[in-house]
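Colleague:
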Amino acid sequence: MNKESTLYVVIFSLIVTFVLVLPLTVANVLTKDLVEQNKQVASAVSILQAMGLPADKKQPKQVLASYDGLEKFKLDGKSLVPVTTADVRAAEKSGFPIQPLFYKTTGASGVIWAGTFTGPGLWGNITLALGFDEKIERMTGFQAVAQVETPGLGARISEPWFINQFTGQKVPASGTVKFVSGSGAGDANKDNDTVDGVTGATITTNGTRDIINKAIAEMKELTAGGVQ
Amino acid sequence: MSGPYAKVFRENVFTNNPILVQVLGICSTLAVTNMLSNTLIMTVGVALVTAFSSWTLSLINTTIPRKVRMIVQVLIISFWTIIVDILLRAYAPEISKSLGPYVGLIITNCIIMGRLEAFAQANKPAISWWDGFTAGLGYMLILLALAVVRELLGFGTLLGFQIFPLDFTSTGNNWTIMVMAPSAFFLVAVIVWVSKTAQLKKSQPKAPAPAAATGGAK
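Chains S and G, in that order, give the protein sequences. For the first sequence, the numbering used here gives the first residue as 137, with consecutive numbering after it. For the second sequence, the numbering used here gives the first residue as 878, with consecutive numbering after it.
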């Protein structure tokens, strides 16, 4: 058959495409559950760590069990309505996950609240998991769940020195945490109104600041109203 | 070393290095060289995708119609890139997350298409695999060198370990330009300059220089 004839080109293209796409489909189907579990574990670890609870990524079963143990709430107007983990997973599976989702747990140190909050960064949305104590007076933790900021600059919001600043950080009376330019090692003082921003990543820093301050206002409002 | 495999290795890594001589793959050179760990994983990905794409193409190179040559090449590159992406997502989710969109961008790396067009199209599978792999190796060497300089001067760290104190490059701060893409422009230019000068010196015939040979203070 003439290699340059239209018929050959069409048949050749079809066969090559089929042969290459088939293994991709198989690989995708085979790893789908594992990828899904990785995602669930990653998000559960973020929430648990934001609440100051232990979470070891290498123990996925334990992490998912601890996550199941958290009380979960969805937003209905201006109040929180309880949902079960099964509801959350079913919604994820249908492609329309429950958003926003809030978490509560009562431990030795009292009630801890957490939630995921999204806002604009430099290249795309930043989603943060933030934890607070019962009266929203101190933060229990900070985790960047999803961000596509510049590696080495804005993406440093995922680094330990930045994250650790928020563990135990006082929520200022004004309700707004200020970001200042610091040493690059993080602000160790938990009782002032400031944390260190990321040098050279002003837009990411401001985006993160706005998400946190909006979250503080929202959590104060939601928890003040009580839970249905 | 001698033989065709050694020749391919020498050309791809030294005399015809994809970055220094062919100036290909510059986008990723600028984007992913500020952290050594990300650079290492990304370049290993590129080397493997180039090797297996070259191998796949050379298996079917006699059957490809000229009209759809490029499309088939892109299809093969995409196939191997997506395989790498799927494997990372399933078995190394942390690395997959830290590389983000850069894995998908391996598809657009000009080095891969360049090797398919220039070598795999007309050669046997085994040596094509080797050609793709060594081209990736040449790319890896330069990128790792850049990443070492940029991470050291930008963050004062290497593979995340603090080597220099935080205020090593400026008071109370890191040398931000080293973290940002423009610094790679300057560094690549310096490396190209040095290597070009060295190559030119080597290729010039040695002229008899009695004055220099006798030397001595005047």
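Every residue gets a Cβ at the ideal spot worked out from N, C-alpha and C, and that includes glycine. This one's a predicted model, so the numbers in the text were calculated from it and none came from an experiment.
In angstroms with no decimal places, state the Cα-to-Cα distance between F315/S and V334/S.
Modeller: Straight across, the Cα-Cα distance linking F315/S with V334/S is about 9 Å.
Colleague: State the DSSP-derived secondary structure class of A1094/G, mapped to helix, strand or coil.
Modeller: With a pLDDT of only 40 at A1094/G, under the threshold of 50, the placement of this residue in the model should not be trusted; the figure read from the coordinates follows. Looking at A1094/G - three-state DSSP - the assignment turns out to be coil, as it is neither helix nor strand.
Colleague: For chain S, is any of its Cβ atoms less than 9 Å away from the one on Y968/G?
Modeller: yes
Colleague: Whole angstroms is fine: what's the gap from A1024/G's alpha carbon to L907/G's?
Modeller: A1024/G and L907/G have their C-alpha atoms some 10 Å from each other.
Colleague: Under 8 Å Cβ-Cβ, which residues of chain G neighbour S182/S?
Modeller: Correct list: empty, because the minimum Cβ distance to chain G is about 11 Å.
Colleague: With a cut-off of 9 Å, does the C-beta of N261/S fall near any C-beta of chain G?
Modeller: no
Colleague: Leaving out the 5 sequence neighbours to the left and right, which residues in its chain are closer than 6 Å to T153/S when beta-carbon positions are compared?
Modeller: none
Colleague: Where does T254/S fall in DSSP's three states?
Modeller: strand
Colleague: Looking only at its own chain, which residues have a Cβ that is under 7 Å from the Cβ of Q301/S, when we skip the five neighbours before and after it?
Modeller: G322, D323, V331 and D332
Colleague: In angstroms, rounded to a whole number, what distance separates the CA positions of N325/S and K306/S?
Modeller: 9 Å
Colleague: Opposite G243/S in the DSSP bridges: which residues?
Modeller: G246/S
Colleague: For K139/S, return the contacting residues in chain G, with the cut-off set at a CB-CB distance below 7 Å.
Modeller: P942
Colleague: Between the beta-carbon of I963/G and the beta-carbon of L160/S, is there less than 9 Å?
Modeller: yes
Colleague: At what residue ranges does the region 253 to 334 of chain S contain a whole run of the alpha helix (DSSP H), taking only runs of 4 or more?
Modeller: 296 to 299
Colleague: Please work out which residues of its chain come closer than 8 Å, Cβ to Cβ, to A1022/G, disregarding the five sequence neighbours upstream and downstream, and give them in chain order.
Modeller: I1068
Colleague: State the DSSP-derived secondary structure class of P940/G, mapped to helix, strand or coil.
Modeller: For clarity, residue 940/G is Thr in the given sequence; the question names Pro instead. In the three-state reduction of the DSSP assignment, T940/G falls in the coil class, being assigned neither a helical nor a strand state.
Colleague: Quick check on the burial criterion: 16 or more other C-beta atoms within 10 angstroms. Buried or exposed for N889/G?
Modeller: buried
Colleague: Going by CA-CA distance only, name the one from V909/G, D1008/G, V900/G and T892/G that's closest to S1060/G.
Modeller: V909/G
Colleague: Please report whether the beta-carbon of A908/G lies at a distance below 9 Å from any beta-carbon of chain S.
Modeller: Yes, its Cβ sits closer than 9 Å to a Cβ of chain S.
Colleague: Could you tell me whether the region 173 to 183 of chain S touches the region 956 to 974 of chain G, using the rule of 3 or more Cβ pairs below 8 Å?
Modeller: Remark: three or more beta-carbon pairs, one from each stretch, lie closer than 8 Å, so the region 173 to 183 of chain S and the region 956 to 974 of chain G are flagged as touching.
Colleague: In or out: W957/G buried (at least 16 other Cβ within 10 Å) or exposed?
Modeller: buried
Colleague: If you draw a straight line from the C-alpha of C904/G to the C-alpha of N986/G, how long is it?
Modeller: 8 Å
Colleague: Under 7 Å between beta-carbons, which chain S residues line up against N938/G? List them in chain order, please.
Modeller: Among the residues of chain S, none has a CB under 7 Å from the CB of N938/G; the nearest is roughly 12 Å distant.
Colleague: Which residues, in order along the region 145 to 166 of chain S, keep a beta-carbon less than 7 Å from a beta-carbon of chain G?
Modeller: Of all residues in the region 145 to 166 of chain S, V145, F148, S149, V152, T153, L156, L160, A163 and N164 have a Cβ within less than 7 Å of some Cβ in chain G.
Colleague: Could you tell me which of Q185/S, T312/S, P256/S and V199/S sits nearest to I248/S, measuring between CA atoms?
Modeller: The shortest Cα separation from I248/S among Q185/S, T312/S, P256/S and V199/S belongs to Q185/S.
Colleague: Counting only C-beta atoms, is T1053/G closer than 9 Å to chain S at any point?
Modeller: yes
Colleague: Looking at the unbroken beta strand (DSSP E) that takes in S215/S, where does it start and where does it end?
Modeller: Annotation: the continuous beta strand (DSSP E) that includes S215/S extends over S215 to V219.
Colleague: In terms of residue numbering, what span does the alpha helix (DSSP H) encompassing K1073/G cover?
Modeller: A1058 to S1080
Colleague: I need the straight-line Cα distance from T303/S to K210/S, nearest angstrom please.
Modeller: 25 Å
Colleague: Pull the bridge partners of L1035/G from the DSSP assignment, please.
Modeller: F1038/G
Colleague: Tell me whether the beta-carbon of I918/G lies closer than 9 Å to the beta-carbon of A163/S.
Modeller: no
Colleague: Quick one: grab the DSSP three-state call for F1010/G.
Modeller: helix
Colleague: Candidates V146/S, I147/S and K229/S: which alpha carbon is nearest K168/S's?
Modeller: K229/S
Colleague: Note down, in chain order, every chain S residue with its Cβ under 7 Å from the Cβ of L952/G.
Modeller: Under the 7 Å cutoff, chain S gives V152, T153 and L156.
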